[in-house]
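Each remark here refers to the structure printed beneath this line.
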Amino acid sequence: MSRVLVVEDETHLAEGLRFNMEAEGYQVRVVETGEAALDLLTLDAPPFDVVVLDVMLPGKDGFAVMSELRQAGQFIPTLMLTARGHPDDVIKGFAAGADDYLTKPFELAILLARIRSLLRRREWLRSIPGRAAPPEPKDSFSFGDKSVNFELLELRVRERTFPLTLMEANLLRYLIQHEGKAVARKKMLEEVWGVHEDTDTRPIDNFIVRLRRYIEQDPTRPRHLITLRGVGYRFVAHPADPA
Ligand code: CA
Numbered sequence: 144m145s146r147v148l149v150v151e152d153e154t155h156l157a158e159g160l161r162f163n164m165e166a167e168g169y170q171v172r173v174v175e176t177g178e179a180a181l182d183l184l185t186l187d188a189p190p191f192d193v194v195v196l197d198v199m200l201p202g203k204d205g206f207a208v209m210s211e212l213r214q215a216g217q218f219i220p221t222l223m224l225t226a227r228g229h230p231d232d233v234i235k236g237f238a239a240g241a242d243d244y245l246t247k248p249f250e251l252a253i254l255l256a257r258i259r260s261l262l263r264r265r266e267w268l269r270s271i272p273g274r275a276a277p278p279e280p281k282d283s284f285s286f287g288d289k290s291v292n293f294e295l296l297e298l299r300v301r302e303r304t305f306p307l308t309l310m311e312a313n314l315l316r317y318l319i320q321h322e323g324k325a326v327a328r329k330k331m332l333e334e335v336w337g338v339h340e341d342t343d344t345r346p347i348d349n350f351i352v353r354l355r356r357y358i359e360q361d362p363t364r365p366r367h368l369i370t371l372r373g374v375g376y377r378f379v380a381h382p383a384d385p386a
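144 is the number of the first residue of the sequence shown in the working numbering; add one for each residue after it.
Pasting the structure below:
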């Protein structure tokens, strides 16, 4: 049974989420503060598979909770609930390490679908034995001295290893799948995030900035993640021009 932690202080909403997720067969725990969530999630083996984290909380807000979790090395899949009309919140959430987001008010069916997708990924990761010495990764991609392991959500650049969030990994995978081709921001939002409504595409740029920090030798002069002005981005695995 999948275990969901809901961090939300609005009792009405939290209980509605609990009711519906329990109906889906999830085990649900609700806490009302970020502090309580951090206490639970920084245990050695937190008893949860996915977190639904509201931004507006008494005390520590969702952004602070998110970044503290990631800084503590806790990479549990987390979906943030942000307020509609605050595109900056989406950017802040992703910057803090969120895997996905929904703006309030949201369709319950969409929230449940997003949670299912985060959990699928979680189950997949779990099924891999010996994380420290992985066998031949079945789902990986190498380019130059870099390799991405989509199973372990890791990016290796020479001797350094960067943990990726689910969304960073999904975006990178999407760009790699379209290697050499122009990919529009809107298309990325649709295909990677499953966002079809008219949403601000700026969070994408924020993601690209972070991915560039990992993979580009000089992030100010990118050679792999190329900006196409007014269009979007293009991933180039093996740039022809010398660095
Ligand atoms: Ca709230």
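We treat Cβ as the ideally placed atom computed from N, Cα and C, and that holds for glycine.
Just to confirm, does Met199 get its C-beta within under 7 Å of one of the non-hydrogen atoms of ligand 1?
yes
Keeping to the same chain, check which residues put their C-beta closer than 8 Å to that of Val352; ignore five residues upstream and five downstream.
Pro362
If I'm right that Val335 touches Tyr317 with Cβ under 8 Å, what's the distance once you round it to whole angstroms?
5 Å
Does the beta-carbon of Ile130 have 16 or more other beta-carbons within 10 angstroms, so that it is buried, or is it exposed?
The displayed coordinates of the chain run from 144 to 386. Any statement about residue 130 would go beyond what the structure contains.
Following a CB-centred definition, is Glu178 positioned closer than 7 Å to any heavy atom of ligand 1?
no
Measure the alpha-carbon distance for Pro278 versus Phe293 and round it to whole angstroms.
The predicted position of Pro278 is uncertain, since its pLDDT is 41 and thus under 50; no value can be drawn from it.
From Pro346 to Phe237, what distance separates their C-alpha atoms?
7 Å
With respect to 7 Å, is the separation between the Cβ of Glu153 and the closest non-hydrogen atom of ligand 1 below this value?
yes
Could you check which residue in Met199, Asp288 and Asp341 has the C-alpha nearest to that of Glu359?
Asp288
Cα-Cα separation, Asn313 to Ile258
15 Å
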